[in-house]
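K.L.:
Top to bottom, those sequences are chains A, B, C, D, E, F, G and H.
Our numbering puts the first sequence at residues 187 to 337.
Our numbering puts the second sequence at residues 187 to 337.
Our numbering puts the third sequence at residues 187 to 337.
Our numbering puts the fourth sequence at residues 187 to 337.
Our numbering puts the fifth sequence at residues 187 to 337.
Our numbering puts the sixth sequence at residues 187 to 337.
Our numbering puts the seventh sequence at residues 187 to 337.
Our numbering puts the eighth sequence at residues 187 to 337.
From the three backbone atoms N, C-alpha and C, an ideal C-beta is built for every residue, glycine too.
Protein chains: 8
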Amino acid sequence: MKSNWTVYLSGEIHTDWREQIERGCEARGLPISFHAPVTDHGKSDDCGVEILGAEEKGFWKDQKGARMNAIRTQTLIEKSDIVVVRFGDKYRQWNAAFDAGFAAAKGKPVITLHDAELTHPLKEVDGAALAVAETPEQVVRILNYVIDGSL
Amino acid sequence: MKSNWTVYLSGEIHTDWREQIERGCEARGLPISFHAPVTDHGKSDDCGVEILGAEEKGFWKDQKGARMNAIRTQTLIEKSDIVVVRFGDKYRQWNAAFDAGFAAAKGKPVITLHDAELTHPLKEVDGAALAVAETPEQVVRILNYVIDGSL
Amino acid sequence: MKSNWTVYLSGEIHTDWREQIERGCEARGLPISFHAPVTDHGKSDDCGVEILGAEEKGFWKDQKGARMNAIRTQTLIEKSDIVVVRFGDKYRQWNAAFDAGFAAAKGKPVITLHDAELTHPLKEVDGAALAVAETPEQVVRILNYVIDGSL
Amino acid sequence: MKSNWTVYLSGEIHTDWREQIERGCEARGLPISFHAPVTDHGKSDDCGVEILGAEEKGFWKDQKGARMNAIRTQTLIEKSDIVVVRFGDKYRQWNAAFDAGFAAAKGKPVITLHDAELTHPLKEVDGAALAVAETPEQVVRILNYVIDGSL
Amino acid sequence: MKSNWTVYLSGEIHTDWREQIERGCEARGLPISFHAPVTDHGKSDDCGVEILGAEEKGFWKDQKGARMNAIRTQTLIEKSDIVVVRFGDKYRQWNAAFDAGFAAAKGKPVITLHDAELTHPLKEVDGAALAVAETPEQVVRILNYVIDGSL
Amino acid sequence: MKSNWTVYLSGEIHTDWREQIERGCEARGLPISFHAPVTDHGKSDDCGVEILGAEEKGFWKDQKGARMNAIRTQTLIEKSDIVVVRFGDKYRQWNAAFDAGFAAAKGKPVITLHDAELTHPLKEVDGAALAVAETPEQVVRILNYVIDGSL
Amino acid sequence: MKSNWTVYLSGEIHTDWREQIERGCEARGLPISFHAPVTDHGKSDDCGVEILGAEEKGFWKDQKGARMNAIRTQTLIEKSDIVVVRFGDKYRQWNAAFDAGFAAAKGKPVITLHDAELTHPLKEVDGAALAVAETPEQVVRILNYVIDGSL
Amino acid sequence: MKSNWTVYLSGEIHTDWREQIERGCEARGLPISFHAPVTDHGKSDDCGVEILGAEEKGFWKDQKGARMNAIRTQTLIEKSDIVVVRFGDKYRQWNAAFDAGFAAAKGKPVITLHDAELTHPLKEVDGAALAVAETPEQVVRILNYVIDGSL
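1. Can you find a CB in chain H that lies within less than 9 Å of the CB of P295(F)?
2. Among H306(D), Y331(D), L316(D), I297(D), which one has its Cα closest to the Cα of G251(C)?
3. Could one say the Cβ of M187(B) lies closer than 9 Å to chain A's Cβ atoms, at least one of them?
4. Apart from the five residues just before and just after M187(E), which ones in its own chain have a Cβ nearer than 7 Å to its Cβ?
5. Note the first and the last residue of the continuous alpha helix (DSSP H) segment covering G197(C).
6. So, E320(B) versus Q206(B), is the Cβ gap smaller than 9 Å?
7. When you compare only the Cα positions, how much space is there between S196(F) and H300(F)?
8. Would V224(D) count as contacting chain C if we go by Cβ distances under 9 Å?
9. Less than 8 Å between the CB atoms is what I'm expecting for N330(F) and R209(F), so what's the real figure, rounded?
10. How would you list, in chain order, the residues of chain G whose beta-carbon sits under 7 Å from the beta-carbon of C233(H)?
11. What ranges does the beta strand (DSSP E) occupy inside the region 265-299 of chain C, keeping only unbroken runs of at least 3 residues that lie completely in it?
12. Compute the Euclidean distance between the alpha carbons of R341(E) and L308(G), then round it to the nearest angstrom.
13. Where does the unbroken beta strand (DSSP E) through S219(E) begin, and where does it stop?
14. Taking 7 Å as the limit between beta carbons, can you name the residues of its chain near S266(G), skipping five residues before and five after?
15. How would you list, in chain order, the residues of chain B whose beta-carbon sits under 9 Å from the beta-carbon of I207(H)?
16. So the alpha helix (DSSP H) V332(G) belongs to, where does it begin and stop?
17. According to the Cβ coordinates, are A286(A) and L238(F) closer than 9 Å?
18. Find the residues of chain H that neighbour D312(G), judging by a C-beta separation of less than 7 Å, and give them in chain order.
19. At the 9 Å Cβ level, is V271(H) part of the contact set with chain B, yes or no?
20. Counting contacts by CB-CB distance shorter than 9 Å, is E212(H) in contact with chain F?
21. Could you have a look at M187(F) and say whether DSSP puts it in helix, strand or coil?
22. Which stretch, first to last residue, makes up the alpha helix (DSSP H) that contains A314(H)?
23. Rounded to a whole number of angstroms, what is the C-alpha to C-alpha distance between E236(H) and L337(G)?
24. Under the assumption that W280(G) contacts E310(E) (Cβ atoms under 8 Å), give the Cβ distance between them as a whole number of angstroms.
25. Within its chain, find whatever has a CB closer than 7 Å to the CB of S219(B); leave out the 5 residues flanking it on each side and keep chain order.
26. Any beta-carbon of chain F closer than 9 Å to the one on T321(E)?
27. Buried or exposed for E212(G), going by 16 or more other Cβ atoms inside 10 Å?
28. Going by the beta-carbon positions, is the gap between R253(E) and G313(G) smaller than 9 Å?
29. Taking 9 Å as the CB-CB cut-off, is E242(F) touching chain B?
30. According to DSSP, is G224(D) part of a helix, a strand, or is it coil?
31. Given this structure, state the Cα-to-Cα distance separating V326(H) from A315(A), to the nearest angstrom.
32. When you compare the CB positions of P217(C) and I333(C), do they come within less than 9 Å of one another, or not?
33. Are the CB atoms of I199(A) and D232(A) nearer to each other than 9 Å?
34. Counting only runs that start and end within the region 224-264 of chain A, where is the alpha helix (DSSP H) found for 4 or more residues in a row?
35. Round the Cβ separation of V269(D) and A289(D) to the nearest angstrom and send it over; I've been treating them as touching at under 8 Å.
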C-alpha cells in the first residue's frame, strides 16, 4: 500500500508549472499533498501592510510582507517530505534559492527544476539537489518513480 | 574579557568587501576569525575537474565543482557564529541566497549586505536576517557593537 | 486542498481574545486546531496543591502548580505550527514572554498581540516574532492569509 | 583539574548584580567566562538606528535595535553552559523571561535571581529553573558548588 | 475540542497501577492512548533466547532480551507526549530510572509515581520530573487536569 | 489498543524475504505499514537516465540513479519506526550497510537479517543492531513480540 | 597525535573506583579529562538547603539539592565523550541509571561497571552500553584501547 | 589565517592509504588533525575478549569487539569535520559503508576513495558523497583545495 507523501513546490509564480505537476501526479493517481507559497504576486507583496497597516518606506513594507509569508513557507517546508524548487527566466528568485538552502539544511530531499541555460549560475543549488529536472513532466516522473517505483 | 567570534562572509567575490570588513574589524581590535568560500572565481569553477578529471558536459563539471566547494562552505558555516551574506549588482548569486537559507535553518544569525535598490527582490532573505546593511562599514560597526558593546 | 494547522494561543487569560480569534477563524472556515494553557486562573494556581497536597510556603505551591502546568504548555507548544502570544495591560505576564522564547528556540513562528503602547518594553519579543498584531481581528486575518492565501 | 565554564548573565541592567557575581567568583578562583547582553541602556536602545539609519516610527527603531541585540544574545546564550536570569523591581523585563524560555528550550540549566516578592508572578519561569536565588551571593555559592563541589 | 494525547507508563510490572490509571482516565473520558513495555515478566526475560536461540551464559541471554525489549520501549517513549515512571517497593527497577533519564534527555515531561518513603533515594529522578505522585489516582487527576483543565 | 508501526525493509532485492516478512506479519494481524526501496533491479539502476536523460559515463548514470533513489530511501527511513536490514549471499550490498549506518545515526532501532556465516564481516553492523536474525520468520516473531508482547 | 578525550564517571560514591580509573589512565599517559558529580555525600545532599535556605519537608530539601546537582551533572555529561556508569552493592543508585538513560538518549557511548551478580537487574542498562566491565582496571584498559589502540 | 580541520579516515586497513594522505597533507602544511579506527586488524578483532573475557561463540566475541570499537569510531566521527571512506579490493568492508551512512546522517561531508571498477556497487555511497576520488593523492588535493583554496 502506498503511503502519503507531501511535496512543497517553491519558486517561480508566473507560469503554470505547479498546475502541470499537480495534474500530472493526479493523472497517475499518486497520493501526494502539495504545498506552496501564496502564488498571487500582489497579495504576497501587500499582505503585511494590508493587514498590519501601511508603511511609508518600501523596506518596512517588504519586511512586514516577507516575514508574514515566512510563517507559511517555513511551516509548510518543515511539514513536507520533498521540496521542488523552480527557477524561471524572470526575476532574481532569491527566495527560491533561500528555500533550497533552508530545505537542504533541514535534511529535506531537494529537486530543482530549471532550463539548461541556468545550469552554471545554479550550480551550488543543483549540487545540493538529489535530482535536477528541466521540465515539469520530468518532476512528475520522478515523483511517480520515487513513490510508486514505476518508470 | 572578550570571547572569540567566528564570522562567515558569504556571497559576492568580485569586489573587496571582505577585505574592507576584515580591515575594519582588525583596526578596532575585534577578536574575530573570518571564514569565506574560495573567492578565486576560476579555481572555484574548475576545482572539481582539475582534481577529479575533466568532463565533457558542463553540467557534470559544475556538479563536481559545486559539491567540492560545498565541503568547505557547509563546514565553515556550521563552525561560524554569524553569517554575513553580500549581494552585489552582478551575477545571480543564488549561492549567496542558498547560504542564507542554510544558515537560517541552522539557527545562525544572518546579516545581509546589499544596495538599497535590491531591497524588494531580496525581501525574503532580508526578512530572515537580524540586520540589513548597505555598506561594509556598517557591518564592521554591527560586529563592533555586537562583540564589544560600543557604538 | 487545505491542510490542517495547529495554533497555540499563549498569554493573557483575563479577556476573551482567544474566543475572538477562534470565532473569527471558524467564521472563515479555517482548518485550525487551537491549543491553549488552562485559562481558569484559580485552577491554574491551585492545581499542584489540589492534586498533590497542600504546601505551607507559597514558593512550593507555585512550583507544584507551575511545573504541572508546564506538562500541558510545553507539550502543546511542541505540537503547534504557530504560537500566538498575547500581552495585556495587567499583570507582568512573564510566562507569556517565557513561552515566546521557548517557541522561538524551537523554531516555531511566533505572532505577538498587544497594544501599541507596549511596543518598547516588548521589543525583544517582537523582534523574534514574524508578525506583530494589535487586535485579535488582525491575527485572524494573518491566519487566514497564511493558510488560505486570501486577504 | 577544574574545567572551564561559561555563564550567561541575563536580565536587569540597572544594578550591579553582574559585578557582584563576577567579583565573588573571581575571589573564589572559579574558572568562569561570563557573558552578558550589552548593558548600556542607551546604546542597547539606539544601536539599530545609530548604525543602520534613523527611523520615524518607534516600532521600527525598536525592531532594528532588538534584532541587532539578538545577534549577540542568542549567540552567547548558545555558547554558555549555564544561564542566570535576574529580575529586578523595575521595568517589565520581558526580555529576561524570553531569554529564560529560549535557554530552557535549548536544554541549558537556568538559575533565576529575584526577590521573594516576585515569586508568584515568576512561577512559570522559576518552575523551569534548576535553582531560584534571592541574592547574587547565593548565585556565587551555587556556581562555586556546581564547579568546585565545595560549600 | 480535545486533542489526542499519548502517555507511556514505565516501570513496575507486578501491581495493577497501569490498569488503575487507564480505567481512571477512561472513566473521565480522556482521549489518551497508553503505551507500556511488555509487562509479562517471563516473556520480557525470555523473548531474546526464545526467538533468536538459547544462550548458556545469563549475560548474553539478558543482552538478547534487553536489546529486543529496547526496540519497543525506545520507540514508544519517542512517540509519547508524557512519560509516567512508577517505582514500586520490590526489585531495583534500574530500567525505570533509565527510562526516566532517556525521556528527560528527549525533552519529554516526566511524572514519577512512588511511595513517600522512596523520596530520598529517588531525588535525582524526582528532580527531573514535572510532577511527583504517590498514587495512581493522583496521576489520573494530573492527566485530567493537563488535558482537560478540570480539577 | 495496538498502535500502528512503520517498518523499513532495506537490503537484498533478489529473494522474497520481504514478502515472507509481510505475509507473516499479516497472518498475525500486526498493524504494520512496510516501506522498502524500489526492488526492481533494472528500474533502480536506470531510473536516473530514463527520466533525466542518458549518460555516456557509467559513473554519472549511477549518480543520477542513486541520488534519485535516495529521495525515496532517506524519506522512508526517516518515516519508519524500525529498520530491518537484510544481507544476502550475493553482491556487496554496501547500500544495505549504508542504510544501517544512516538509520543508527538517526536513532532508529535496527534489526539485521543474514546467515550465520556473515557474522564476522558484519560485526560492526550487528554491533549497532538491537537484534540479529537469521531467518525472516525470526524477524516476524521479533515484530510480533515488540508490537504485541506475545511469543 | 592523540586527541583529548573527556570521560564522565557517574554513579557510586562510596568506594575509590574513580581514583583507580584516573590513576590507571594517568599511569598509561592517556590524554583524558575526567568529570564526575560531587562525590561528597553530605554536601551533595545538603547543597540546596545550605545555599538557598532550610526546608522542613525532606521532599523539598531533596528537590533543592537534586536540582542544584543537576546543573553540574547534566552540563558535564553533555560535555563528555564517554560516560562510565558504576553500580555498587549499596544503595539503589537510581541516579546512576538515570544518568545512563540520559547519556544514551544524547548518543553518548556508555560503559557500565558492576559485579557480575548485578547482571540480571541491570540488563536494560547494560543493553544500552557499548561495554560492560566488572573492574576499574577493565575500564582503564577499554579507555586505553579506545584512545590509543593498544591492548 | 587557516583554521584547524579534523578529518576521519574510515575503511580499508590493509594498505597505506592513510599514511599517503597524512604525508601529503603534512608536506603541504595543511592544519589537519587526522582520526581513524584502530587499524591493527588483530587488535580490532580481539579487543573485546582480550579485555572483557573470552567467549566460546564467535558471535559474542564479535559483538564485544565491534561494540568496543564503536566507542572510538562514533566518537571520532562526531568530532570530525570531514569523513573520508576508503573501499579496497579485499573484504566486504561493510563497516566502511556503515560509517558513510552514519556520517551522512550526521550531516558530515563525505569523500569516498576507491577504484573505478567499484563505481557501480558503491553508487549509493558515492551518491551521498560530496567527492569521489580514486587515489589518495586526489584526496590530498581535495583537502588542500577545501582548506587552502589552492589547486
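P.N.:
The relevant details are as follows:
1. no
2. H306(D)
3. Annotation note: pLDDT 43 at M187(B) (below 50); position unreliable, coordinate value reported separately. By this cut-off, M187(B) is not an interface position.
4. Bear in mind that the predicted position of M187(E) carries a pLDDT of just 43, short of 50, making it unreliable; the figure below should be weighed with that in mind. Contacts found: none.
5. Looking at the DSSP string, G197(C) is not in any alpha helix (DSSP H); the run it does join, the beta strand (DSSP E), is 191-197.
6. no
7. 12 Å
8. no
9. Actually they are not in contact, since the Cβ atoms of N330(F) and R209(F) sit about 13 Å apart, beyond 8 Å.
10. Y331, L337
11. 268-272, 296-299
12. Only positions 187 to 337 of chain E appear in this structure, which leaves residue 341(E) out of reach.
13. 218-221
14. T192, V193, Y194, H221, K294
15. Chain B residues near I207(H): none, gap ~14 Å exceeds 9 Å.
16. 322-334
17. no
18. None at all; the shortest Cβ gap to chain H is about 11 Å.
19. no
20. no
21. Note that M187(F) scores a pLDDT of 43, beneath 50, so its modelled location is shaky; the value from the coordinates is reported in the next line. M187(F) falls in the coil class under three-state DSSP.
22. 309-314
23. 8 Å
24. 7 Å
25. N190, T192
26. no
27. exposed
28. yes
29. yes
30. First, the residue type needs correcting, since residue 224(D) is Val and not Gly in the sequence shown. Residue state, collapsed to three classes: coil.
31. 26 Å
32. yes
33. no
34. 227-238
35. 4 Å
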